[in-house]
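Engineer: When we follow this note's numbering, the leftmost residue of the sequence shown carries the number -13, and every step to the right adds one. Even glycine gets a Cβ: it sits at the ideal position worked out from N, Cα and C. Structure in structure tokens, see below.
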Amino acid sequence: MGGLRRTWDELRLYSRYAFRKMGWRAYQIHQIYLPEQKLIYIPIPKNACTSIKHALHEIEFDKRFDSDLPEFSDYREHHDYYKKRSHAFTSVKALRKADAFRFALVRDPVRRLLSCYRNRVVDLKDLHASRRALERMQLPVEPDLNTFVLNLEHYRQASKSIDHHSRPQSQFLGGTLSYLDNIYTLDEMPELVKMLRAYKPDLELRRRKTGGTRVILADLSAEALDYALQFYHEDYKLLDRYVSRRELTKAFRASKA
-13 MGGLRRTWDE LRLYSRYAFR KMGWRAYQIH QIYLPEQKLI YIPIPKNACT
37 SIKHALHEIE FDKRFDSDLP EFSDYREHHD YYKKRSHAFT SVKALRKADA
87 FRFALVRDPV RRLLSCYRNR VVDLKDLHAS RRALERMQLP VEPDLNTFVL
137 NLEHYRQASK SIDHHSRPQS QFLGGTLSYL DNIYTLDEMP ELVKMLRAYK
187 PDLELRRRKT GGTRVILADL SAEALDYALQ FYHEDYKLLD RYVSRRELTK
237 AFRASKA
């Protein structure tokens, strides 16, 4: 479609983010909507969203996303494509009225933060792009886990990537679960795949972001754990049917025994 279309799409995406940051309800939630299948997915980074997005693309177009294909050549990758589609951002009110099956996948907030650190900080080294900002804050570009967690808000200010990948799940969901027809956890991935196969029986979920540096719950200090639990207080409150702050704390203590 050319440089002009790409520039327009970029400007439109930045405006959507700006409107969401200003609290405009119409841009509150990012959705992936498949109109023919009447299927809506609310993506949350670090919650298997790469695999699910690839699966939805196969369901909708009967082929995997490939930026080398002419129809997708203006997009860097599938995340970029889905953020720039029409109606990519919506409101809780609109989602409640949507004639579609609406679903999301959630996970324990602290374990999600560990995944963010492992993948975005250690393996992909996202913070190197924010070196100058971090130098002004007198923070290391390659922090250890506890330094990262205890200074999470500063790292989120310095890096858009970290801000996005550590953003509370409650914010991605619009602070409510009332509009969702089903909510899956990581342990329930087989059930999620079974649901998606109703739309494409031969679907195989692509496994992404496997391997890399090992980061476990026991690597956290007690102080860092307390900070993370407080930071994600709203997540634990909203998702209390699916994740347990008490169970996470119990697992942490067992890991230190």
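#1: Just tell me which of Val135, Leu172, Arg104, Glu46 has its CA closest to the CA of Lys186.
#2: State the DSSP-derived secondary structure class of Leu163, mapped to helix, strand or coil.
#3: In chain order, what residues of the same chain lie with their CB nearer than 8 Å to the CB of Leu125, ignoring the 5 residues before and after it?
#4: Three-state secondary structure (DSSP) at Val201?
#5: Can the beta-carbon of Ala243 be found closer than 8 Å to that of Leu203?
#6: Residues bridged to Tyr170 by DSSP?
#7: How would you label Asp48, buried or exposed, when you count the other beta carbons within 10 angstroms and need 16 or more for buried?
#8: List, from N- to C-terminal side, the alpha helix (DSSP H) runs of 4 residues or more that fit wholly inside the region 70 to 156.
#9: Would you call Arg98 buried or exposed, if buried means 16 or more other Cβ atoms sit within 10 Å of its Cβ?
#10: Over what stretch of residues does the alpha helix (DSSP H) that includes Ile38 continue unbroken?
#11: According to DSSP, is Tyr27 helix, strand or coil?
#12: For the candidate residues Asp94, Gln23, Val107, whose alpha-carbon lies nearest to that of Asp173?
Structural biologist: So, to answer that:
#1: Glu46
#2: Coil, per DSSP.
#3: For Leu125, the CB contacts under 8 Å within the same chain, skipping 5 residues up- and downstream, are Thr133, Asn137, His140, Tyr141, Ala144 in chain order.
#4: coil
#5: Contact flag unset, no.
#6: Leu91
#7: exposed
#8: Counting only runs of 4 or more, we get 78 to 83, 95 to 102, 117 to 123, 131 to 136, 138 to 144, 146 to 151.
#9: buried
#10: 35 to 47
#11: strand
#12: The shortest Cα separation from Asp173 among Asp94, Gln23, Val107 belongs to Asp94.
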